[in-house]
Amino acid sequence: MEEIFNLIFERNKVVYVFLTFFSTLGVSYFSAFIFGANTYEIISHISFSILVTLVSALFTANKLADAKVKKASTQDITKD
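Under our numbering, think of the first position of the sequence shown as 357, with each following residue one higher.
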């Protein structure tokens with residue numbers, strides 16, 4: 357499972373962050389227009405999307421760092 361995660365997200369970190377931001381923003385706008393949002397609510401939806409994107413990016417960076425440490429610790433250090 358970690359190999360799949362690393363393969364997808366290690367090479368496409370920027371794509372993942374943009375997908376997270378725009379998907380969260382899209383869901384926020386969709387719900388805002390269904391419930392009839394005003395300008396302040398739309399600004400709060402944009403702020404929420406930015407917050408979710410930052411948390412997601414931090415989670416991804418943490419997961420990648422853990423995977424790299426785990427990979428480095430399992431490699432043979434005593435190579436000639």
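No residue lacks a Cβ here, since even glycine has one placed at the ideal position from N, Cα and C.
Model, not experiment: these values are computed from the prediction.
Determine whether the Cβ of residue i lies closer than 9 Å to any Cβ atom of chain D.
i    : result
N394 : Looking for chain D here will not work: only one protein chain is present.
Below 8 Å on the Cβ atoms is my guess for residue i versus residue j; work out the distance and round it to an integer in Å.
i    : j    : result
T395 : V373 : Not quite, the Cβ-Cβ distance comes to about 26 Å (not below 8 Å), so this is no contact.
Cβ atoms of residue j and residue i: under 9 Å apart, would you say?
i    : j    : result
S412 : S384 : no
L375 : H401 : no
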